[in-house]
Structures are given as structure tokens and as C-alpha cells.
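Written out as C-alpha cells, the structure is:
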């Protein structure tokens with residue numbers, strides 16, 4: 008058993024390198040402080056807290072760049088190995104998010120600009136079996152059922168572990184991803200990497216590459232609804248109190264055929280105005296859509312097939328936090344684009360919150376003519392690390 012116990016030396020292949028231990032600590036300023044114009048003159052020095060009851064990167068004001076990395080456990084990896092891996096990640100993420108390089112960082116100068124870096128980790132369904140913890144697996148944690156609209160590519164699906172790395176600078180994201188994956192290379196392999204970006208003025212909703220506002224009327228982290236709908240309360244599984252889940256869908260967009268649609272057709276397909284994001288029955292983005300309203304000819308103003316009509320929650324229990332990142336990758340030979348959306352949904356229960364909405368979208372959504380889900384993965388996100396000395400997933404592995 009002693010040989011199976013994980014150590015940093017083993018993970019690093021026996022390397023004793025600890026180059027550049029000293030780093031420039033970032034300023035611990037909240038995102039709201041910076042967005043309001045009261046922050047430091049250099050946003051690259053702004054830090055998000057690592058320690059707390061929840062993992063950062065969920066309630067956090069969305070950063071400009073993101074990388075989602077799915078990893079698989081190598082054969083022979085056991086429970087103690089995984090717990091050791093999580094200790095390493097926790098220690099390294101705590102330093103990176105504060106503008107300090109991990110102890111074995113070979114490019115420590117790249118760690119000094121935290122740029123609101125957050126590192127969020129998740130557990131895939133198979134991890135619980137590998138770790139001998141099936142009894143603690145949430146009943147809703149399973150790969151999504153097959154939908155007729157899906158054209159899934161295994162290169163963007165499933166995984167035993169998730170790393171979600173977000174920051175306001177692409178260099179910060181790239182360095183953190185490399186530092187975190189390199190340190191555990193003896194235990195995991197990278198299954199897929201998906202990178203995205205988003206741009207919007209402070210307090211405004213981002214636009215996706217179809218030109219539409221994406222994420223209107225989302226759950227506000229400052230409201231009780233967020234605690235109720237996103238964070239688990241631990242009533243069923245005490246170890247999960249303060250945690251949540253993520254559904255990550257990679258949605259390809261056929262921009263070439265979308266470009267052929269006139270503005271009115273686009274608005275009818277979405278159910279919102281292009282310019283303002285207001286529903287077709289309102290004047291402001293925040294207005295509630297009226298799905299019963301009809302025009303002078305008795306035709307519903309918002310078509311039943313419009314995206315917002317299909318995505319609208321039928322009950323309060325179908326609400327969840329939505330976060331989208333655009334992707335614009337190198338197109339295949341002969342194609343003009345390879346673009347789309349990395350859609351992340353966070354909720355305490357995938358089965359009761361996300362799945363009913365996704366089923367409606369798969370059955371009858373006007374946008375299905377221009378969008379195709381090509382990637383799908385689900386993970387449970389454990390609670391945060393309350394204080395130094397703990398590690399992500401500790402409540403599970405020491406339960």
C-alpha cells in the first residue's frame with residue numbers, strides 16, 4: 008500500500024525542480040470592483056479567491072477566456088492516487104489564482120498575471136467506480152441520453168475528471184492548463200481540450216457568433232435563487248454540500264446557412280430582437296416573454312418553435328445557471344468555418360433541471376436547423392476548500 012501512496016515526487020517523475028518559487032502576488036480585488044471602474048490600473052493583477060465553501064468559476068463574473076479539459080484516469084490508478092492528485096491540484100490552483108507559481112513551475116514568470124484566474128474541477132461518473140465510492144455517487148450523475156439532434160464526436164465527450172480554467176487573459180489560461188496537467192501526467196491522460204472566449208461590456212450580455220445575445224435573464228448569484236437552484240445543500244449526500252454539477256455541450260453552428268437568413272427570420276427563430284435582446288413581445292432584454300400574445304392576424308408573436316419558447320422553464324425547478332463561450336477553430340479542408348458555442352449549465356440536479364429543457368429543445372427548436380450538438384459531458388463539482396490545508400474533494404474521499 009505504501010508504494011501506491013501518491014507524492015509530488017512520484018507525480019513529477021522524481022523531479023525535484025522547484026524553479027522560481029518566488030512570484031508576484033496579485034491584488035485580491037473582486038470582479039465587481041474592477042468592472043465598476045474602481046480597480047487597479049492593471050486588470051492582469053486582479054485575483055479571485057480560491058478558498059471558500061464553493062469552488063470559484065461558477066458564481067464568478069465570467070472571464071474572457073476559458074479552457075475545459077477532460078481527463079481520463081490511467082489503468083491502475085486507485086483511490087489514494089486520486090486523492091493525492093486532488094491535493095496537488097488544490098495546492099497549485101491556490102497559488103496560481105493568486106499570481107504565484109506552483110512549486111515545480113518551469114515558467115514561473117507566466118504565473119504572475121492572475122487576471123481573475125479560477126480553477127474548477129469536476130468528477131465524471133466513472134471516477135466513483137474507480138475510487139470504490141459508488142455509494143457516494145449522485146443518482147443524477149450519468150451521461151446524457153441520446154437525442155435525435157446529436158451528432159456526437161467522441162473527441163469531445165465524457166471523461167473521468169474535468170478542469171475548467173478561466174481568466175481574463177489567454178496566456179494565463181494556457182499556462183495554468185499546462186502547469187496543472189503536467190503535474191499529474193503519471194496518473195491521467197488528456198481526453199479532450201476545448202477553448203472558448205466571450206466579450207461584452209461590463210454588465211452586458213455577451214453575443215454568440217450568430218450575433219445573438221447569449222445568456223439573457225440568467226440566475227443572479229446575489230439572489231437566494233442561486234443558492235437554491237445551483238448549490239447542493241447536502242441533504243441527500245452530505246459530502247456534496249456546497250457543490251453543484253455541470254453539463255458541457257459543444258454546439259456547432261452552421262454560420263454559412265445562418266448568414267442566408269434575413270434579420271426577421273433570425274428574430275423569429277430566436278424569439279428575441281437582434282439589437283436589444285428583448286423578447287418579440289417586449290422592449291427590454293429583461294422583459295418576460297408573452298408566449299400567448301398574438302398579432303392582428305391571430306398569429307402568435309413568438310412562434311411556438313422559437314428557441315426561447317422551447318428553452319423557457321415550464322416550472323421553477325427547471326431553471327439553471329447558463330454560461331456560454333464562443334469557439335472559432337481551424338476549419339476542415341474545404342470548409343469556411345468551424346465555429347460554435349461551448350455551453351455550460353450548472354445546477355444541483357441534472358435530471359430535474361437540465362434534462363426536461365434539453366428534451367424540449369431536441370424535439371422542436373427552430374435553431375436546430377443551424378446548430379448541432381457535437382460534444383457532451385457531465386460532471387459533479389465538489390464543494391470548495393474552506394481553508395488552507397484542505398483539498399478539493401476532501402469531503403468525498405475522507406467520508
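Residue numbers (my numbering): 8 to 406. Here a beta-carbon is modelled for each residue, glycine too, at the ideal position from N, C-alpha and C.
Note on residue 251: 16 or more other CB atoms within 10 angstroms of its CB, so buried under the neighbour-count rule. Residue burial is scored here from C-beta neighbours: residue 356 has at least 16 other C-beta atoms within 10 angstroms and is therefore classed as buried.
Contact between residue 104 and residue 55 holds, since their C-beta atoms are separated by about 6 Å, short of 8 Å.
Under the DSSP definition of a beta bridge, residue 333 partners with 204 and 348.
Every alpha helix (DSSP H) of 4 residues or more that sits fully in the region 127 to 159 is shown, in chain order, as 132 to 137. Taking every protein chain shown into account, the CB of residue 64 has 16 or more other CB atoms within 10 angstroms, so this residue is buried. Counting along the chain, no alpha helix (DSSP H) covers residue 191, and no H or E run does either.
The C-beta distance from residue 347 to residue 334 rounds to 6 Å, short enough to fall under 8 Å.
Looking at the DSSP output, residue 386 shares a beta bridge with 253. Proximity of the region 95 to 104 to the region 195 to 211 falls short of the contact definition, fewer than three beta-carbon pairs being nearer than 8 Å.
In chain order, 296, 297, 300, 308 and 309 place their CB closer than 7 Å to the CB of residue 288, counting only its own chain and leaving out the 5 sequence neighbours on each side. Within the DSSP bridge table, the entry for residue 353 names 253 and 328 as partners. The DSSP assignment places complete alpha helix (DSSP H) segments of no fewer than 4 residues inside the region 222 to 294 at 231 to 236, 262 to 265 and 270 to 277, in order along the chain.
When the Cα atoms are used, residue 221 and residue 212 turn out to be separated by approximately 6 Å. Only residues of its own chain outside the window of five on either side were considered, and among them 278, 296, 298, 309 and 310 have a CB closer than 8 Å to the CB of residue 316, listed in chain order. Taking C-beta atoms as the reference points, residue 374 and residue 314 count as a pair closer than 8 Å. DSSP, read as helix, strand or coil, puts residue 77 in strand.
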